[in-house]
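These notes are about the structure you will find just below.
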Amino acid sequence: MTNTQDLKAPEIDEPRERSRVDNQTRFRGTGVSGATVHVVSVFDNSLVLSVAVASDGTWASGPFEVLSNGPNKVRSYQMLNQMPSPVSPERSFVVE
């Protein structure tokens with residue numbers, strides 16, 4: 092079991108930095124098994140998705156809503172035992 096004091100920000104592996112994607116792209120990454128990852132828009136702080144981290148430490152999900160065309164920027168954090176992790180570095184991509 093992970094000590095929540097050691098909880099690090101989850102990784103966003105996809106979409107890749109500065110990639111071009113469609114408006115229903117899948118987000119993928121890694122985190123702590125048992126945690127819930129939240130991906131948030133940097134522009135308006137809206138929740139893009141929430142997903143449980145699998146037992147192998149991976150997570151994947153599509154966005155709750157269709158993404159807006161143009162530049163997008165997100166960041167993520169994970170929650171474990173009601174404790175939040177630090178926020179991940181920003182991930183920029185373009186929706187076409």
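Residue numbering for the sequence shown follows this note's numbering, starting at 92 and increasing by one per position. Virtual Cβ for every residue (Gly too), placed ideally from N, Cα, C.
Query raised in the report: residue 184: buried (16+ other C-beta within 10 angstroms of its C-beta) or exposed?
Result: Its Cβ being crowded by 16 or more others within 10 Å, residue 184 is buried.
Query raised in the report: Per DSSP, residue 159 is paired with what?
Result: Residue 159 pairs with nothing; no bridge assigned.
Query raised in the report: Considering only C-alpha positions, which residue in the set 180, 103, 162, 99 is nearest to residue 153?
Result: It is 103.
Query - Extent of the continuous beta strand (DSSP E) to which residue 111 belongs - result: Segment 110 to 112, the beta strand (DSSP E) holding residue 111.
Query raised in the report: How many Å lie between residue 123 and residue 156 at the Cα?
Result: When rounded, the distance between both Cα atoms is 25 Å.
Query raised in the report: How would you label residue 134, buried or exposed, when you count the other beta carbons within 10 angstroms and need 16 or more for buried?
Result: Residue 134 is exposed by the Cβ-count criterion.
Report task. Pick out whichever of 99, 158, 177, 115 has its Cα sitting closest to the Cα of residue 132. Result -> Of the listed residues, the one whose Cα sits closest to residue 132 is 158.
Query - Distance CB(residue 211)-CB(residue 177) smaller than 8 Å - result: With the chain covering 92 to 187 only, the question about residue 211 has no answer from this structure.
Report task. Please name the residue or residues paired with residue 149 in a DSSP beta bridge. Result -> DSSP output for residue 149 lists 121 as bridge partner(s).
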